[in-house]
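In the UniProt record's numbering, the protein residues as written are 1 to 391.
This is how it looks when you write it as structure tokens:
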């Protein structure tokens with residue numbers, strides 16, 4: 001099934017960094033970071049008015065460098081973190097003696113202007129489209145550890161706990177207390193992606209390095225599981241099932257999306273082979289975990305219905321008191337056997353590699369995707385599937 005997008009917009013620059021504004025649950029809002037070598041880079045705050053199909057865009061200048069990764073705080077609407085490329089002396093600008101011009105990937109935590117923190121459904125006018133600047137809250141010091149590849153906020157605390165992935169070490173930063181701790185690992189591992197588990201009081205994370213996936217306990221700072229050769233080639237991304245603990249999705253350069261039970265990692269519980277090139281992104285729906293998005297450099301986004309390994313393998317169950325006789329009979333038929341996994345829709349509005357796909361934090365049926373040419377596409381779950389899940 002091929003779907004038509006709700007909205008397509010183009011940015012002025014190339015881009016590969018996308019995140020929903022997680023703490024904003026009333027308005028549909030995404031943040032996009034650009035990649036330009038010639039001009040000041042930008043963070044675009046995208047508000048989508050789904051009733052009128054209008055996009056409101058505000059722009060923040062990100063002078064630190066080209067943005068490779070962006071994440072939003074789940075506790076504070078105005079706080080975000082970026083990983084960005086810059087010459088080495090700029091990464092450590094607190095140390096004025098540094099003069100090496102080598103390019104490095106660094107990270108920092110920022111605050112957007114107060115008036116832009118909350119979502120808006122108004123169309124931009126000339127004044128609102130003027131660019132504004134970010135306030136630097138803290139720089140994640142990487143002078144001793146090399147390049148950053150990603151940084152993600154924990155959802156467990158009001159403090160800003162961040163998982164920062166260096167070339168060879170996963171690190172935790174407490175941005176408010178300005179301290180950090182390293183996970184205990186053997187050898188020089190090149191980490192490409194990482195994700196906090198929403199379960200176990202947010203004391204576990206998963207990281208990807210080369211073709212392997214590792215689980216870590218942040219209390220002991222030790223490895224708790226290891227999936228060797230999880231993918232035939234580089235692992236690009238990870239995501240935990242938000243409603244079913246121990247379940248983890250991964251994707252990689254072998255064109256596959258795999259689903260794992262971290263209690264038994266000898267084999268994946270499911271494998272999808274629908275993409276024809278590298279899969280850069282995989283995301284579970286926050287509310288309905290059978291819905292899984294994947295984005296690839298084959299320029300496509302695929303929406304899968306992985307109901308057999310979801311938290312509701314027999315569909316949505318309701319109380320008997322809420323059902324009429326006819327509905328009761330229908331519910332009995334519906335719950336006799338697990339529903340079948342399927343590919344729901346393929347979205348082909350992009351013409352370049354899709355580097356990011358993210359669900360909205362305000363509307364569980366809406367998602368955005370971003371391709372390298374700066375095209376941002378907003379799409380919806382097909383209405384028929386939405387009502388099938390709800391009813």
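For glycine and all other residues, C-beta sits at the position ideal for the given N, C-alpha and C. In this text the structure is predicted, and so the values were computed from the model without any measurement.
Kindly examine the ligand HEM and report whether one of its heavy atoms sits closer than 7 Å to the Cβ of residue i.
| i | result |
| --- | --- |
| residue 118 | Because no ligand of any kind appears in the structure shown, any question about the ligand HEM cannot be addressed here. |
Give me the DSSP bridge partner(s) of residue i.
| i | result |
| --- | --- |
| residue 205 | 196, 216 |
| residue 237 | 251 |
| residue 351 | The partner list for residue 351 (beta bridge, DSSP) is empty, contrary to what the question assumes. |
| residue 281 | 295 |
| residue 118 | DSSP, once it has assigned bridges, lists no residue as partnering residue 118. |
| residue 20 | 30 |
| residue 135 | 111 |
| residue 339 | For residue 339, which the question treats as bridged, DSSP gives no partner whatsoever. |
| residue 392 | Summary: the structure shown does not reach residue 392, with the chain confined to residues 1 through 391, and so no result is reported for it. |
| residue 75 | BP columns for residue 75 are empty, so no partner. |
| residue 86 | 104 |
| residue 370 | 356, 376 |
| residue 56 | 47 |
| residue 80 | 72, 110 |
| residue 191 | 209 |
| residue 14 | 35 |
| residue 362 | DSSP lists no partner for residue 362. |
| residue 264 | 261 |
Is it the case that the Cβ atoms of residue i and residue j are separated by a distance below 8 Å?
| i | j | result |
| --- | --- | --- |
| residue 9 | residue 370 | no |
| residue 34 | residue 72 | no |
| residue 380 | residue 6 | yes |
| residue 368 | residue 30 | yes |
| residue 299 | residue 348 | yes |
| residue 17 | residue 356 | yes |
| residue 50 | residue 253 | no |
| residue 302 | residue 308 | no |
| residue 116 | residue 70 | no |
| residue 198 | residue 240 | yes |
| residue 311 | residue 244 | yes |
| residue 140 | residue 110 | no |
| residue 236 | residue 192 | yes |
| residue 196 | residue 155 | yes |
| residue 249 | residue 284 | yes |
| residue 48 | residue 378 | yes |
| residue 242 | residue 286 | yes |
| residue 52 | residue 68 | no |
Looking only at C-alpha atoms, which of the options sits nearest to residue i?
| i | options | result |
| --- | --- | --- |
| residue 268 | 285, 230, 53 | 230 |
| residue 344 | 383, 374, 363 | 383 |
| residue 59 | 388, 233, 43, 84 | 43 |
| residue 350 | 361, 373, 358 | 373 |
| residue 395 | 25, 21, 341, 15 | It is not possible to answer for residue 395, since the shown part of the chain is limited to 1 through 391. |
| residue 22 | 274, 48, 77 | 77 |
| residue 32 | 62, 25, 195 | 62 |
| residue 234 | 256, 56, 305, 222 | 256 |
| residue 83 | 132, 54, 75, 138 | 138 |
| residue 56 | 80, 148, 28 | 28 |
| residue 80 | 270, 207, 112, 385 | 112 |
| residue 151 | 134, 132, 106 | 106 |
| residue 366 | 339, 352, 292, 306 | 292 |
| residue 26 | 390, 388, 360 | 360 |
| residue 273 | 265, 296, 207, 48 | 296 |
| residue 390 | 290, 221, 346, 223 | 290 |
| residue 41 | 358, 118, 133, 196 | 133 |
| residue 202 | 118, 246, 11 | 246 |
| residue 220 | 205, 53, 228, 265 | 205 |
| residue 313 | 388, 225, 288, 339 | 339 |
| residue 66 | 251, 304, 108 | 108 |
| residue 251 | 232, 266, 261, 47 | 232 |
Over what stretch of residues does the beta strand (DSSP E) that includes residue i continue unbroken?
| i | result |
| --- | --- |
| residue 64 | Looking at the DSSP string, residue 64 is not in any beta strand (DSSP E), and its letter there is neither H nor E. |
| residue 301 | 301-305 |
| residue 111 | 103-111 |
| residue 379 | 375-380 |
| residue 7 | 7-10 |
| residue 257 | 257-261 |
| residue 148 | 148-153 |
| residue 42 | 41-49 |
| residue 225 | 222-227 |
| residue 271 | 270-272 |
Please list the terminal residues of the continuous alpha helix (DSSP H) segment that includes residue i.
| i | result |
| --- | --- |
| residue 384 | 383-390 |
Touch check for the region 279-286 and the region 203-217: three-plus C-beta pairs under 8 Å?
no
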